[in-house]
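Participant: Quick note on numbering: the numbering used here labels position 36 of the first sequence as 36, and the sequence is numbered without any gaps.
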Amino acid sequence: MTAPNPLPRSFYEGDSREVAPRLLNKLLVHGELAGRIVEVEAYAADEDPASHAFRGETARNRTMFGAPGLLYVYFTYGMHFCANAVCGDVGWAHAVLLRALHPVRGLDVMRARRPAARRDRDLANGPAKLCSAFAIDRDLDGADLVTDDRGVTIVDDGTPPPDEPGRSARIGISVAVDEAWRWYVPGDAHLSRPEPRRARAAAP
DNA sequence: ACCGGGATGTTCT
DNA sequence: GAACATCCCGGTG
Numbered sequence: 001m002t003a004p005n006p007l008p009r010s011f012y013e014g015d016s017r018e019v020a021p022r023l024l025n026k027l028l029v030h031g032e033l034a035g036r037i038v039e040v041e042a043y044a045a046d047e048d049p050a051s052h053a054f055r056g057e058t059a060r061n062r063t064m065f066g067a068p069g070l071l072y073v074y075f076t077y078g079m080h081f082c083a084n085a086v087c088g089d090v091g092w093a094h095a096v097l098l099r100a101l102h103p104v105r106g107l108d109v110m111r112a113r114r115p116a117a118r119r120d121r122d123l124a125n126g127p128a129k130l131c132s133a134f135a136i137d138r139d140l141d142g143a144d145l146v147t148d149d150r151g152v153t154i155v156d157d158g159t160p161p162p163d164e165p166g167r168s169a170r171i172g173i174s175v176a177v178d179e180a181w182r183w184y185v186p187g188d189a190h191l192s193r194p195e196p197r198r199a200r201a202a203a204p
């Protein structure tokens, strides 16, 4: 078992579609809370019409244009926050949306923050649910995951990503809907959507 | 189980 | 004024 260390800056450098599947099974840590990343989506800078960065830098997406390894938090639908790991490079605004966590540590705190979650599997199985459970909001936009300057980081506890991650189109977008830039840990109970049933070997 | 609608506020057209 | 990288609740089967 390796000692849990924050991922280095170099881990986040490069195209989000390469970084995203490598983030699976890493641990998101905020203070005493920890959860395993089991579902992510890549947003590919200015070549991706679904990306907040597609039309260039604005006040809202400024963090995406900063250093890889920053946390980009945005507010949506009037009440929810979503969190991304910034990738790419300065000015090359790739990002990986964290879509679902498998809670590992601090479940009692998460339950208190997520009263609507009837089962523990509902605590962090969605991009806004995980932010609520982990108390991630606009105050943490721009936090550095590498230096852990504000208590939020992503660490490697020695669990490798899946050899063959699940893959699908991204969820909740209205453009670039055919790009299969969502990855997940197959069989995990904490995904934001149930995994599609595998095709049968034979018809009934 | 699945589906439909409402909540709520920021951002950009 | 529309859109929004969503969630929750209450309806119907």
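We put the CB at the ideal spot given by N, CA and C, even for glycine.
By DSSP, does Asp-46 sit in helix, in strand, or in coil?
Facilitator: helix
Participant: Find out if the Cβ-Cβ distance for the pair Thr-153, Val-29 is shorter than 8 angstroms.
Facilitator: yes
Participant: In terms of residues, what are the limits of the beta strand (DSSP E) holding Ala-112?
Facilitator: Unbroken run through Ala-112 is the alpha helix (DSSP H), 107–113; no beta strand (DSSP E).
Participant: Cβ atoms of Leu-130 and Gly-35: under 8 angstroms apart, would you say?
Facilitator: yes
Participant: What's the gap between the Cα of Leu-26 and the Cα of Asp-141?
Facilitator: Residue identity differs from the one stated: residue 26 is Lys in this sequence, not Leu. Looking at the two C-alpha atoms, the distance is approximately 20 angstroms.
Participant: To the nearest angstrom, how far is the alpha carbon of Ala-203 from that of Val-155?
Facilitator: Caution applies to Ala-203, whose pLDDT of 37 falls short of 50 and renders its modelled position unreliable; the value that the coordinates give is listed next. Approximately 44 angstroms, taken between the alpha carbons.
Participant: Just the C-alpha distance for Leu-24 and Arg-105, rounded to the nearest angstrom, thanks.
Facilitator: 17 angstroms
Participant: Output the distance between the C-alpha atoms of Ser-132 and Arg-111, rounded to the nearest integer angstrom.
Facilitator: 10 angstroms
Participant: So, using beta-carbon positions, are Val-73 and Asp-149 closer together than 8 angstroms?
Facilitator: no
Participant: According to DSSP, what are the bridge partners of Ile-37?
Facilitator: Leu-101
Participant: Identify the continuous beta strand (DSSP E) that holds Ala-85 and give its terminal residues.
Facilitator: 80–86
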